[in-house]
Structure formats: C-alpha cells, structure tokens
C-alpha cells in the first residue's frame, strides 16, 4: 500500500508518516520544506519504505511530478493525505486580501491540485482514498481565523463533491477534523490563555497530540474503510460536537 502525505515533513505530517511506515505502508513524504533526512530515517526503520519529493502544492507542475515520482518508486498510489496547510491567526480588522488568497492557495488549491494529480492513477487501479485534513474550526467559527475557517470549509465542500463524482471510479473521499494540536509550532503561535481554554473545554481534559490522529488515518487508508465516503469525521476529544 502506497500513501502520499502532503506536508509530510511537518509536525503532524512527520508523525503520521512514521506511523504509516511502521504499519508497513510505503510513504511518499511531500513537502516544500526539506524532508530527505526524515524519509531516510523512515526507510531505515521500516518495515515500509519512504521517499521524499519536494513539492509546492500550489504548483500544478510540482504536484504532477509528485504523482509521477510516487508511481515510479512504488508502482501505485492507494491513498493521498492532503495534510499541507497554512494555519495562522489574524484579527478581522487586520486581515488583508492577500492573507485570504494565501490561505486559499495552499489549503484549497493545494488540496485540489494534489487530488487532481493522483486521481488518474487511482482511476486506472479502480480504487483510491482521498483523506483531507480539515479543522474543527469549521464547526465553531473560531475568532481570528476567518481566512483559515473559510478555506477549511471549502475543503469540506470539495470532499463531498468529489465523493459523489469520483465514487463511481472506486475513489473515496473523507474529511477529518482534528482540534488544536499540541506541537512546538502551535505553542509558539498562541498565548497560554488560548491553550487553557482548549483544555478547559475538552471533556477528556487534555490537548490533542498528532499521535491521536494517526490511528484514524491509518484505518481510513485501509481496506476496512472501503465504504466510508463523503464523511466528515471529528477527532477532537469532544471540544466540538456536531
């Protein structure tokens, strides 16, 4: 089984890539940042294999080359995890058109382009899984994130659209909504009060970690999830329920 993970060298993506390789999957780590050392580490650990392909998901040419590299390395593409995304806060009064467009370029157009790139291989196989990483902010409308929330809402709508259009080809599509993850990156982006609020409103009483999401993604990549299509699956410890 071959899985392409965009944003695969980041905090959540690298954790997921490690888990997938440990489960025996062949993983293509796609990221605009360097991920060569990560791929080498994963390949050495096994039992799955790993390749790194530097990819700007906003580039049609680079996403096309990503799909080609995955096929050259492993012969097929069984799943795509659209994990690449921009996540930064900005109050409404400071939000600019460029801020808005930048989030949509990466979060929405990047998801579209990566999906468009892998779809022909999945269609030829008669099977494939598109797993789009969203956000529980689409259920809550978090202040300071209008551009981000809108972009992730667009990805939810996109997920449902391709679930109906690509489903007859054997390609399923699922939208996964984690909450705020406890990583060095998010710790540096928010005041402590925000984290206190999240923990205080999460019934499980703790932050979500990347590892909390990995098991669900592994399952969705498996044959056991073959009939899950067009679903939005919330995995945030109960801070948002819908």
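Numbering (my numbering), first residue to last: 82 to 323. Just so you know, even glycine gets a beta-carbon here, dropped at the ideal spot from N, CA and C.
Endpoints, alpha helix (DSSP H) assigned at residue i
i, result
"residue 295", "291 to 302"
"residue 215", "Careful: residue 215 lies outside any alpha helix (DSSP H) and carries neither H nor E."
"residue 177", "First-last for residue 177: undefined, no H or E at that position."
"residue 245", "227 to 247"
Own chain, CB closer than 7 Å to residue i, minus 5 neighbours either side, in chain order
i, result
"residue 246", "none"
Sub-7 Å separation of residue i and residue j beta-carbons
i, j, result
"residue 214", "residue 255", "no"
"residue 111", "residue 136", "yes"
"residue 102", "residue 131", "yes"
"residue 134", "residue 108", "no"
"residue 227", "residue 189", "no"
"residue 145", "residue 198", "yes"
"residue 152", "residue 202", "yes"
"residue 295", "residue 253", "no"
Assigned exposure category for residue i - 16 Cβ within 10 Å defines buried
i, result
"residue 242", "exposed"
"residue 341", "Nothing about residue 341 can be read from this structure; the chain reaches only from 82 to 323."
"residue 286", "exposed"
"residue 308", "exposed"
"residue 120", "buried"
Neighbourhood of residue i by C-beta, 8 Å cutoff - its chain only, sequence neighbours within 5 removed
i, result
"residue 164", "86, 87, 88, 89, 91, 93, 94, 97 and 214"
"residue 288", "261, 262, 263, 276, 279 and 280"
Continuous beta strand (DSSP E) stretch holding residue i: start and end
i, result
"residue 161", "160 to 163"
"residue 312", "312 to 316"
"residue 276", "It is not in any beta strand (DSSP E) - residue 276 instead sits in the alpha helix (DSSP H) that spans 273 to 281."
"residue 131", "131 to 135"
Contact set for residue i: own chain, Cβ-Cβ below 6 Å, skip 5 residues either direction
i, result
"residue 156", "none"
"residue 314", "257"
"residue 204", "250"
For residue i, three-class secondary structure by DSSP
i, result
"residue 321", "coil"
"residue 209", "strand"
"residue 262", "strand"
"residue 150", "helix"
"residue 204", "helix"
"residue 125", "helix"
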